[in-house]
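Asker:
Number of protein chains: 2
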Amino acid sequence: MAKPKTAITPTRDENYPEWYQQVVRRADLAETSPVRGCMVIKPWGCSLWENMQQGLDGMFKATGHRNAYFPLFIPKRFLEKEAEHVEGFAKECAVVTHHRLEAGPDGGLVPAGELEEPLVVRPTSETIIGDAFSRWIESYRDLPLLINQWANVVRWEMRTRLFLRTAEFLWQEGHTAHATADEAMAHTHKMLGVYQEFAERFMAMPVLTGSKTAGERFPGAVETLCIEAMMQDRKALQAGTSHFLGQNFAKAQDITYQSDQGQLEHCWTTSWGVSTRLIGAMIMCHGDDDGIICPPRLAPAHVVILPITGRSETPEAIHNYCRKLADDLRVQPYHGRHLEVEVDERDLRGGEKNWQWVRRGVPIRLEVGPRDMEADSVFMARRDRPAKDKVSVGRTEFLSSITQTLDEMQQGLFDRALAFREAHTAVIDSEEAFREWFTAPKGEPTPPHGGFALTHFCGDEGIEAKIADELGVTVRCVPFGDDEPGTCPFSGKPSPKRVVWAKAY
Amino acid sequence: MAKPKTAITPTRDENYPEWYQQVVRRADLAETSPVRGCMVIKPWGCSLWENMQQGLDGMFKATGHRNAYFPLFIPKRFLEKEAEHVEGFAKECAVVTHHRLEAGPDGGLVPAGELEEPLVVRPTSETIIGDAFSRWIESYRDLPLLINQWANVVRWEMRTRLFLRTAEFLWQEGHTAHATADEAMAHTHKMLGVYQEFAERFMAMPVLTGSKTAGERFPGAVETLCIEAMMQDRKALQAGTSHFLGQNFAKAQDITYQSDQGQLEHCWTTSWGVSTRLIGAMIMCHGDDDGIICPPRLAPAHVVILPITGRSETPEAIHNYCRKLADDLRVQPYHGRHLEVEVDERDLRGGEKNWQWVRRGVPIRLEVGPRDMEADSVFMARRDRPAKDKVSVGRTEFLSSITQTLDEMQQGLFDRALAFREAHTAVIDSEEAFREWFTAPKGEPTPPHGGFALTHFCGDEGIEAKIADELGVTVRCVPFGDDEPGTCPFSGKPSPKRVVWAKAY
Chain A
-16 MAKPKTAITP TRDENYPEWY QQVVRRADLA ETSPVRGCMV IKPWGCSLWE NMQQGLDGMF
44 KATGHRNAYF PLFIPKRFLE KEAEHVEGFA KECAVVTHHR LEAGPDGGLV PAGELEEPLV
104 VRPTSETIIG DAFSRWIESY RDLPLLINQW ANVVRWEMRT RLFLRTAEFL WQEGHTAHAT
164 ADEAMAHTHK MLGVYQEFAE RFMAMPVLTG SKTAGERFPG AVETLCIEAM MQDRKALQAG
224 TSHFLGQNFA KAQDITYQSD QGQLEHCWTT SWGVSTRLIG AMIMCHGDDD GIICPPRLAP
284 AHVVILPITG RSETPEAIHN YCRKLADDLR VQPYHGRHLE VEVDERDLRG GEKNWQWVRR
344 GVPIRLEVGP RDMEADSVFM ARRDRPAKDK VSVGRTEFLS SITQTLDEMQ QGLFDRALAF
404 REAHTAVIDS EEAFREWFTA PKGEPTPPHG GFALTHFCGD EGIEAKIADE LGVTVRCVPF
464 GDDEPGTCPF SGKPSPKRVV WAKAY
Chain B
-16 MAKPKTAITP TRDENYPEWY QQVVRRADLA ETSPVRGCMV IKPWGCSLWE NMQQGLDGMF
44 KATGHRNAYF PLFIPKRFLE KEAEHVEGFA KECAVVTHHR LEAGPDGGLV PAGELEEPLV
104 VRPTSETIIG DAFSRWIESY RDLPLLINQW ANVVRWEMRT RLFLRTAEFL WQEGHTAHAT
164 ADEAMAHTHK MLGVYQEFAE RFMAMPVLTG SKTAGERFPG AVETLCIEAM MQDRKALQAG
224 TSHFLGQNFA KAQDITYQSD QGQLEHCWTT SWGVSTRLIG AMIMCHGDDD GIICPPRLAP
284 AHVVILPITG RSETPEAIHN YCRKLADDLR VQPYHGRHLE VEVDERDLRG GEKNWQWVRR
344 GVPIRLEVGP RDMEADSVFM ARRDRPAKDK VSVGRTEFLS SITQTLDEMQ QGLFDRALAF
404 REAHTAVIDS EEAFREWFTA PKGEPTPPHG GFALTHFCGD EGIEAKIADE LGVTVRCVPF
464 GDDEPGTCPF SGKPSPKRVV WAKAY
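Structural data, given as structure tokens:
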């Protein structure tokens, strides 16, 4: 059988990392820029991010948070206040040292106006927001303080990949302060729950939830919780983290409150964030060899209408028919917004246009030619089915069933991703089986193979480091909930519960 | 008569600049941060900005623009490409020179990893976006290219004032490319029209529109158009600008397209922006001695409900009554969103709560005590009337008239601001009268006095500089439209039309 033609070359099987780069490029999501490590997010990618923002922002507000905005720059002395924190970020931060450019000896411009204290472009904002919290919080009446910020951050990454790892990225960072450890910990869990709900309901992406081992914790955190998703190369992607910071930052920055007993106490704080990395997760969770597949809840457009006027004697009638159809769709509510519709009237070949929307992952494509118009019907293709599967549907029937169809697609994407994860998750009880799971069969490319492995684990950091070194596999999370105690296959020591191992982005 | 008590000290008359600082602080809009010149935008201020963003973003999308996101950093060589542009921004930009911190000789951290080429934190993005345009545009079919970016920018200002002039601020910057000069110029005007409509309809702030004189143009622009509003100290505030860039940036950055004739041509570009400065404009256009007044179209909350449970035997019944009222309000549509309602159940004195909402400018405040509940009515105060003017309104009547009341308030704020501007605008024909207009009467504080002066003007830059130097007054704009030619009162030379002079922020 001849290899079927795909819109993306190479395919996922042929070369997954290169497939990813090509999908991002050909779906017009983003591109590299002349600034090392910084990306340009193109309109289609920006629109996906805006839809993610809107969904998340609604959930943050529904859980009592308010948005604020804090300075881009962090004085060096702030970063230095929390020892682990600065240790974690000092190695990769953009440092502002001057505040103007002036003509240099060779005529070009050189930095001038040296700052007394260097400023770091925020890699995260615990310290600058903590400083504000120390001023805003006076008594227990001011608690809990629940703040979120939408912002850009910079971490000077050497090896970058669009959306997954870039020097500058967009994100939200939640920062909260509480009167007690229990309340702060409960909030850390609550926000992880928000992320899980967002991943599963909006992104149609099933996630595991759990806590990180010590080595994978956020610098300065007491505990880091995470959501982890499986990509189609069976690697794990950390899609969001929620940190219980204990009193580490509160003590470093003097965030105190007067209790109802009149005592001065340190607050307990949390922070949590998701970023444009979620776009990378969405691409690798659902995309196929024809491009990305947008979950309907996040799609920049739900429906694209392609007027096929080629041999028609009345092209204007077809255009009008399509525009009217678009208007009838746009008034339909869909999960708190309305259906978004594109009518592609560009003067391009129909095939070229069609494939462009396939690659961009629009859930529903409609072709309308003279015969469709006469029959008052549309020729419909669903992005979750092969590109050539098209069916004729009566206009009225289409209009009355479209939101249900989209909901089915949303659920279908989730179900498919969940089935994939389950098919590539193994419960493993011996080191030999574990090594075999994560080693590619001879002659087969690597990845894909393996996936998630659930084993007992004694928690020894040396073992974890050795496995990471030898197999490139790490503990992605220690799942929540009860489990039977058992024996660690690596050390033979007792283990309280199973952990999830995987290769990871 | 005793001086009436005001929520803000000093009053506008006593000390306008200090009144402004106090209003910003006491309305909880923003505060200075430990980072020189950078502000913290607090939740109430952030919410105002989000509402502005939402209004503007809808208008940008309705005029065919799409959002994208470009790097925060601009390589030095990019900035240098357009001579006037770099001249305008080099003096005040944050320069990143290193990409990590490491332990220095005295144990503290010092910048390390020096960059081969310094990066400038974007003061504006013409050059970095122009670089993308030069890649994105190939033929006339790609034009016009209509892009907008929501972002933070940094201009190293030495003398800062919250919202009005800060080192970092939030803004949007539109960037478009066109095939012809006429089309680009028409687009420059169109976007100024969008700004005017936004200022007048959303902010209830009347603006003059016109073009800037050469000295006030954006660095690198051929023509700068602007909207100018009068503040209550009679000074002008430039609230938005729209630039026709000609082919200056296209030539500097090689932004070309192939015409339908097959010729390679340079594009014509525009850029336009508004920023968080609009919040400062809103404050100074409408605020009074009790705090800010939010135009209903931008208000973070339209209605605040204060349950008065002081002497009640059934506080829970009152709270429930208030919550039910809030729910009934929240389902009401209001200009594309729904009514936003706060129920303030905090355990604070009623007077303290009430004044807090007055200072924050919520359009409608409702008090509900036992007797109101019994009578099924609310005790209502409007923020555009004195704080003590409260009327009892039946619940049903209130619910059915609230959106109309808000619309009346919105119009009332506009009308009041327009009347103020008209009362303080003079048509002047002699230099003597001009100097008198802009000079405070003896013994009177300065400002307020004067306002806008419309005079003929020959356009001589030396005269403009001399007047700026002596009186602190500049040409704010050359209004659009036809006018009678006349004689310049400063030079005696012919003048094509009148211009608008004022002191300015």
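Sequence order for the protein chains is A and B. Quick note: the first sequence uses this note's numbering, first residue -16, plus one each step. Quick note: the second sequence uses this note's numbering, first residue -16, plus one each step. Glycine included, each C-beta is placed from N, C-alpha and C at the ideal position.
Helix, strand or coil: which one does DSSP assign to A:Ile385?
Answerer: Residue state, collapsed to three classes: helix.
Asker: Which of the three DSSP states is assigned to A:Ile288 in this structure?
Answerer: Residue state, collapsed to three classes: strand.
Asker: Return yes when the Cβ of B:Cys21 is within less than 7 Å of the Cβ of B:Glu151, no when it is not.
Answerer: Yes, Cβ-Cβ distance for B:Glu151 and B:Cys21 is below 7 Å.
Asker: Which word fits B:Val482, buried or exposed, when buried means at least 16 other C-beta atoms lie within 10 angstroms of its C-beta?
Answerer: With 16 or more Cβ atoms within 10 Å of its Cβ, B:Val482 is classed as buried.
Asker: Considering only residues of the region 1 to 70 of chain A, which uninterrupted alpha helix (DSSP H) runs meet the minimum length of 4 residues and lie entirely inside it, listed in chain order?
Answerer: Within the region 1 to 70 of chain A, the complete alpha helix (DSSP H) runs of at least 4 residues are 26 to 45, 59 to 62.
Asker: Which residues of the region 59 to 83 of chain B have a Cβ closer than 8 Å to any Cβ of chain A? Give them in chain order.
Answerer: Those would be Lys59, Phe61, Leu62, Glu63, Val69, Ala73, Lys74, Glu75, Cys76, Ala77, Val78, Val79, Thr80, His81, His82, Arg83, in chain order.
Asker: Just verifying my parser: in three-state terms, what is the DSSP assignment at B:Asp367?
Answerer: Coil, per DSSP.
Asker: Under 7 Å between C-beta atoms, does B:Asn489 make it to chain A?
Answerer: Here chain B comprises residues numbered -16 to 488, so residue 489 of chain B is not present and cannot be evaluated.
Asker: Grouping DSSP H, G and I as helix and E and B as strand, with all else coil, what is B:Trp340?
Answerer: The answer is helix: DSSP assigns B:Trp340 an H, G or I state.
Asker: First and last residue of the beta strand (DSSP E) that includes B:Leu208?
Answerer: It spans 206 to 213 - the beta strand (DSSP E) in which B:Leu208 sits, taken as one unbroken run.
Asker: Taking the alpha helix (DSSP H) that A:Gly263 falls in, what are its first and last residues?
Answerer: Note, A:Gly263: alpha helix (DSSP H), 260 to 269.
Asker: List, in chain order, every chain A residue whose beta-carbon is nearer than 8 Å to that of B:Glu323.
Answerer: Under the 8 Å cutoff, chain A gives no residues; its nearest Cβ is about 11 Å from B:Glu323.
Asker: Within the present structure, is the beta-carbon of A:Trp340 separated from the nearest heavy atom of the ligand MN by less than 6 Å?
Answerer: Looking at this structure, you won't find the ligand MN or any other ligand, since it has none at all.
Asker: Mind listing the chain B neighbours of A:Asn337? Cutoff is C-beta to C-beta under 9 Å, in chain order.
Answerer: Residues of chain B passing the Cβ test: none, with the nearest at roughly 18 Å.
Asker: Kindly indicate if chain B contains any beta-carbon less than 7 Å away from that of A:Leu55.
Answerer: Yes, A:Leu55 counts as interfacial toward chain B.
Asker: Buried or exposed for A:Ser16, going by 16 or more other Cβ atoms inside 10 Å?
Answerer: It counts as buried.
Asker: Assess contact between the region 176 to 194 of chain A and the region 260 to 276 of chain A, defined as three or more Cβ pairs (one per stretch) separated by less than 8 Å. Is contact present?
Answerer: The region 176 to 194 of chain A, when compared against the region 260 to 276 of chain A, does touch it at the 8 Å Cβ threshold.
Asker: Going by Cα to Cα distance, which pick from A:Cys277, A:Pro290, A:Glu140, A:Pro472 is closest to A:Asp443?
Answerer: Checking every option, the nearest Cα to that of A:Asp443 belongs to A:Pro472.
Asker: For B:Leu147, I'd like the list of residues in its chain whose CB is within less than 7 Å of its CB, leaving aside the five on either flank, ordered along the chain.
Answerer: Taken in chain order, the residues that qualify are Arg260, Gly263, Tyr488.
Asker: Helix, strand or coil, according to DSSP, for A:Leu175 in the structure here?
Answerer: The answer is helix: DSSP assigns A:Leu175 an H, G or I state.
Asker: Helix or strand or just coil, what does DSSP make of B:Ala406?
Answerer: Looking at B:Ala406 - three-state DSSP - the assignment turns out to be helix.
Asker: Are at least three pairs of beta-carbons, each pair with one atom in the region 191 to 211 of chain B and one in the region 223 to 236 of chain B, less than 8 Å apart?
Answerer: A contact exists between the region 191 to 211 of chain B and the region 223 to 236 of chain B.
Asker: Can you tell me which residues form a DSSP beta bridge with B:Gly442?
Answerer: In DSSP, B:Gly442 forms no bridge with anything.
Asker: Between B:Leu98, B:Pro127, B:Val410, B:Glu75, which has its C-alpha nearest B:Thr107's C-alpha?
Answerer: The residue with the shortest Cα to Cα distance from B:Thr107 is B:Glu75.
Asker: Where does B:Gln246 land, buried or exposed, given buried means 16+ other C-beta within 10 angstroms?
Answerer: Exposed: under 16 other Cβ atoms inside 10 Å.
Asker: For A:Met392, collect the residues of the same chain with a Cβ closer than 6 Å to its Cβ; drop the 5 residues on either side in sequence, then sort them by chain order.
Answerer: If we look at A:Met392 and ignore the five residues flanking it on each side, its Cβ neighbours are Pro279, Pro346, Asp367.
Asker: When the Cβ atoms of the region 351 to 360 of chain B are set against those of the region 289 to 303 of chain B, are three or more pairs found closer than 8 Å?
Answerer: Cβ pair count under 8 Å is three or more, so yes.
Asker: Quick one: which chain A residues come within Cβ less than 9 Å of B:Trp139?
Answerer: Neighbours of B:Trp139 on chain A, chain order: His82, Arg83, Gly96.
Asker: What's the C-alpha gap between A:Gln132 and A:Ile291?
Answerer: Distance between the alpha carbons of A:Gln132 and A:Ile291 is about 46 Å.
Asker: Using Cβ-Cβ distances below 7 Å, what residues of the region 9 to 21 of chain B are close to chain A?
Answerer: Flagged, chain order: Ser16, Pro17, Val18, Cys21.
Asker: In the DSSP assignment, what residue or residues form a beta bridge with A:Ile347?
Answerer: Answer is A:Val286, A:Arg365, bridged to A:Ile347.
Asker: Quick one, which residues of the region 119 to 145 of chain B are near chain A if we go by CB-CB under 8 Å, in chain order?
Answerer: Per Cβ criterion, the list reads Arg124, Ile130, Ala134, Asn135, Val137, Trp139.
Asker: So, do the region 409 to 421 of chain B and the region 168 to 186 of chain B have three or more beta carbon pairs nearer to each other than 8 Å?
Answerer: The region 409 to 421 of chain B is not in contact with the region 168 to 186 of chain B.
Asker: Can you tell me which of the three DSSP states B:Tyr123 falls into?
Answerer: Reduced to three states, the DSSP call for B:Tyr123 is helix.
Asker: What residue range does the beta strand (DSSP E) around A:Ala416 cover?
Answerer: No beta strand (DSSP E) contains A:Ala416, which is instead part of the alpha helix (DSSP H) from 414 to 420.
Asker: CA-CA distance, B:Tyr317 and A:Gln5?
Answerer: Each residue's Cα considered, the two are about 44 Å apart.
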